[in-house]
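Visitor:
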Amino acid sequence: MSFYDDDRLKINYFQSSAPRIGTHLHLSNQKNEFFAVSKKILIKEKNYELLEKIMQRFSSIWEISSPVKHLEIELTEAELEWNAFYLNLKSCYDQIVWLDVQMEQIGKDKCIYYFDFIPIAKKESGFPLETNFENCLEQEFGSQKEILVFFLADLKKKLFPYVSTKKSIDKASNFNIQKEMRIPDRHFLDTSPRLQRIDNSTTQDTFKPTRLDIYGDKTRRSNNWIKKTLLFSCVLVIVLGEIALVRPKASFKAEIDGDSMLPTYYNTEKVVVAKSVKEIQRFDVVVFNYSKTENYIKRVIGLPGENIIYKDGELYVNDELVEDPYRVGNENFTLHEIAEVNTIPPNHYLVLGDNRNNSADSRSYGLINGLNFIGMVKEE
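According to this note's numbering, the sequence shown is numbered sequentially starting from 221.
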């Protein structure tokens, strides 16, 4: 089934996995991803007996069910911020496990993005999962006619913010917050038009041929004093200009987009972000850059050198129970499951949204390097 918006965008849905013909942008262990979500549902329902049986027979269950399906998003003269869009999909659709992402370039101006996924719906009896996509969408959106069309329309709304023409992408990059904060290099400072004009004027004064003094020594001294004053003023303007360009503002205002930090911060709420992140402590709320165009807000849970485990919704740091007053939801995972390490490396952090059941965070994209931190949210 397909959904068209205009000549530049086309979305197709297929009841099979994507063909392996493009460039692999993201690859996952599909069996483990499917098992992880199944395990999460069973633990939430406290069905530990069935969970043990599933663990013993998981490989055969996977082969029999063959649940993978895929979407094809075709773009003409446009580009997709696929990573940010992929993270948004993982946070928006609870009943869908998003897996691999591929991209195939067709000619100069057209490309196709392939998104593999598995729909998961609960059954009223027996094994509480099935992979019928229509049943999955019914649980996600409620019973209604042409529910697949409704899903594609909803997907289109989520897709648009991440699709840009090539020209608009170049223009938008000039306003990227990371570039705004970046210290201009010396070459930029020396070649900016305003400063270049100042440099030209001082050079001409410096290398101007000596004129005959027809006005006497007093006039010459007066002219020299004026020249020195002007030169000092020019140098002062350059220094102040460099300080204004190099020194970033101490803080900036930002608007929350999404519900991942509920109930601490709600959608569209305005916050003040301090750009100083020298001393990061547990439960600080930080803003960081993960993709080229998106900045994220999450709470720091794990610090360098720590082992983090959530068991029955309780936080354990290095095997010691630590009260987490901010969580919303009942989470179970280990650091090794999400990052494949037993200890958080130096200058890396585990970050989570307060609304754990509706947040794309370190559980989705791993630990965050401290170099990606932009600032810390100020408490009012």
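Glycine is no exception: its CB is placed at the ideal position from the N, C-alpha and C atoms.
Tell me the residue span of the beta strand (DSSP E) that contains K518.
Guide: N515 to G522 is the extent of the beta strand (DSSP E) around K518.
Visitor: Quick check on R240: buried or exposed, where buried means 16 or more other Cβ atoms within 10 Å of its Cβ?
Guide: Under this definition R240 is an exposed residue.
Visitor: Thinking C-alpha only, which one of L570, D374 and D574 is nearest R547?
Guide: Checked all of L570, D374 and D574; the closest Cα to R547 is D574.
Visitor: Indicate whether the contact test is met: 3 or more Cβ pairs, each with one atom in the region 504–521 and one in the region 552–565, closer than 8 Å.
Guide: Verdict: no, contact absent.
Visitor: What separation, rounded to the nearest whole angstrom, lies between the Cα atoms of F305 and Y510?
Guide: Near 12 Å, if we compare the C-alpha coordinates of Y510 and F305.
Visitor: In three-state DSSP terms, what is K328?
Guide: If DSSP states are grouped into helix, strand and coil, K328 belongs with coil.
Visitor: Tell me the rounded alpha-carbon separation between K230 and L372.
Guide: Roughly 10 Å separates the two Cα atoms.
Visitor: Cα separation between F508 and K495?
Guide: In a straight line, the C-alpha of F508 is about 11 Å away from that of K495.
Visitor: Starting from A494, follow the beta strand (DSSP E) in both directions and report where the run begins and ends.
Guide: K490 to A494 is the span of the beta strand (DSSP E), which, as asked, contains A494.
Visitor: Measure how close the beta-carbons of V491 and G595 come, nearest whole angstrom, since I'm counting them as under 8 Å.
Guide: Incorrect: roughly 10 Å between the Cβ atoms, too far for contact.
Visitor: For E651, is the classification buried or exposed, using 16 other Cβ atoms within 10 angstroms of its Cβ as the cut-off for buried?
Guide: The displayed coordinates of the chain run from 221 to 600. Any statement about residue 651 would go beyond what the structure contains.
Visitor: Give me the Cα-Cα distance between I529 and R583, rounded to the nearest whole angstrom.
Guide: In a straight line, the C-alpha of I529 is about 12 Å away from that of R583.
Visitor: For my contact list, D336 and D314 are in at a C-beta cut-off of 8 Å; report their separation, rounded to the angstrom.
Guide: At roughly 18 Å, the Cβ-Cβ gap does not stay under 8 Å, so D336 and D314 are not in contact.
Visitor: Count the other CB atoms, across all protein chains shown, that sit within 10 Å of the CB of P339; report buried if there are 16 or more and exposed otherwise.
Guide: Buried is the call here.
Visitor: Secondary structure at E301, three-state DSSP: helix, strand or coil?
Guide: Looking at E301 - three-state DSSP - the assignment turns out to be coil, as it is neither helix nor strand.
Visitor: For S582, which three-state DSSP category applies?
Guide: Correct three-state label for S582: helix.
Visitor: Considering only the alpha carbon of each residue, which of I316, K328, D329 and Q235 lies closest to E292?
Guide: Comparing Cα positions, the closest option is Q235.
Visitor: Within its chain, find whatever has a CB closer than 8 Å to the CB of P566; leave out the 5 residues flanking it on each side and keep chain order.
Guide: Once the five neighbours on either side are set aside, the close Cβ partners of P566 are P524 and G525.
Visitor: Is it right to say I434 is buried, meaning 16 or more other beta carbons lie within 10 angstroms of its own, or is it exposed?
Guide: Residue placement at I434 is poorly supported in this model, since its pLDDT is 32, which falls under 50; the coordinates are not used for a value here.
Visitor: Hey, quick one: how far does the beta strand (DSSP E) through E560 stretch, first residue to last?
Guide: Per DSSP, E560 belongs to no beta strand (DSSP E) and is neither H nor E.
Visitor: By Cβ distance, which residues of its chain are closer than 6 Å to V597, with the 5 residues on each side in sequence left out?
Guide: Hits under 6 Å: V491, V493 and V505.
Visitor: To which residues of the same chain is N527 closer than 7 Å at the C-beta, ignoring the five residues directly before and after it?
Guide: Once the five neighbours on either side are set aside, the close Cβ partners of N527 are N538, L555, N562 and T563.
Visitor: Excluding the 5 residues flanking N515 on each side, which residues of the same chain have their C-beta closer than 8 Å to its C-beta?
Guide: The answer, listed in chain order, is I397, A474, V507, F508, N509 and I594.
Visitor: Which of helix, strand or coil does DSSP assign to K498?
Guide: In the structure shown, K498 sits in coil (DSSP, three-state: anything other than H, G, I, E or B).
Visitor: Work out the CA separation of H290 and G242 for me, nearest whole Å.
Guide: Near 14 Å, if we compare the C-alpha coordinates of H290 and G242.
Visitor: Does the beta-carbon distance from S311 to A580 come in below 8 Å?
Guide: Yes, these two residues count as a Cβ contact at 8 Å.
Visitor: If you drop the 5 nearest sequence neighbours on each side, which residues of the same chain put their C-beta closer than 6 Å to that of Y536?
Guide: The answer, listed in chain order, is I529.
Visitor: Between which residues of its own chain and I588 is the CB-CB distance below 6 Å, once the five residues before and five after are set aside?
Guide: Taken in chain order, the residues that qualify are F508, Y569 and V571.
Visitor: Confirm, please, whether the CB-CB distance from G533 to I558 is below 8 Å.
Guide: Against a cut-off of 8 Å, the Cβ pair of G533 and I558 comes out as no contact.
Visitor: Which two residues bound the contiguous alpha helix (DSSP H) that contains F371?
Guide: Note, F371: alpha helix (DSSP H), I367 to L379.
Visitor: Could you give the residue range of the beta strand (DSSP E) that holds F508?
Guide: V505 to N509 is the span of the beta strand (DSSP E), which, as asked, contains F508.
Visitor: For I326, is the classification buried or exposed, using 16 other Cβ atoms within 10 angstroms of its Cβ as the cut-off for buried?
Guide: The residue is exposed, with fewer than 16 neighbouring Cβ atoms inside 10 Å.
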